[in-house]
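Beneath this line is the structure, given in structure tokens, with notes to follow.
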Amino acid sequence: GYSLVEVPRNLWNNSKKNYTLTYSYFKVAKLSTDKCEAEETVDEIIETLNSVTAAVGPGHPLHRHVETIVQKLPIQLRDKLNSRAPPERPTAPSFKSLVNLHKKTIKALHVLQRTETQWGLMLERIFHLEDAASNS
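Residues in the sequence shown are numbered consecutively from 978, following this note's numbering.
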């Protein structure tokens, strides 16, 4: 089966410095694409939140729900949201659209955090492998 062939092959390939470094470069390129997509998704959600916050003022019945969504954002993204100019003609959202926006926000933030963490770990691994390759 799988483990009889693939596990020894992975161990063998991981012992090769050049192979591991090349494979890590490939993985970081893939992670870069995933990270860019996650950042674009979060930017789209921030644009949507910007129009929703412009349409829902403090006296609106859905204002507390919008604030719940905004509170999910990290401080840097909240600052980014507050620095954007509001749209000229915002339309008031429905409760169902706010629920969907809340779900999308949670998912997008989770994906962004995961890809940024994987990106950082992969860069640390590449730096370590490059140091090991240059020292040998």
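Cβ atoms here follow ideal geometry from the backbone N, Cα and C, with glycine treated the same way.
Given a cut-off of 9 Å, decide if residue j and residue i are closer than it, judged by their beta-carbon atoms.
i: H1079; j: I1103; result: no
i: H1037; j: F1072; result: no
i: V1088; j: T1018; result: yes
i: L1026; j: A1069; result: no
i: A1110; j: K1004; result: no
i: T1092; j: L988; result: no
Please return the same chain residues whose Cβ sits closer than 8 Å to the Cβ of residue i, not counting the five positions on each side in sequence.
i: N990; result: Y996, T997 and Y1000
i: E1101; result: none
i: K1049; result: H1079, T1082, I1083 and L1086
For the alpha helix (DSSP H) that residue i lies in, which residues bound it at each end?
i: R1102; result: F1072 to N1112
i: A1006; result: K994 to A1032
i: L1058; result: I1052 to S1060
i: R1041; result: H1040 to Q1048
i: L1063; result: Here the sequence assigns Pro to residue 1063, which means Leu is not the residue at that position. Where P1063 is concerned, there is no enclosing alpha helix (DSSP H), given that its DSSP letter is neither H nor E.
i: P985; result: Y979 to N991
Residues in the same chain with beta-carbon distance under 6 Å from residue i, minus the five sequence neighbours each way, listed in chain order, please.
i: V984; result: none
i: G1097; result: none
i: S980; result: none
i: C1013; result: none
Can you tell me the Cβ-Cβ gap for residue i and residue j, rounded? I've got them flagged as a contact below 8 Å.
i: A1085; j: I1022; result: 5 Å
i: A1031; j: P1067; result: 4 Å
i: P1064; j: S1113; result: So it is not a contact: roughly 57 Å between Cβ atoms.
Residues in its own chain within less than 7 Å of residue i by CB, not counting five upstream and five downstream?
i: K1057; result: I1023
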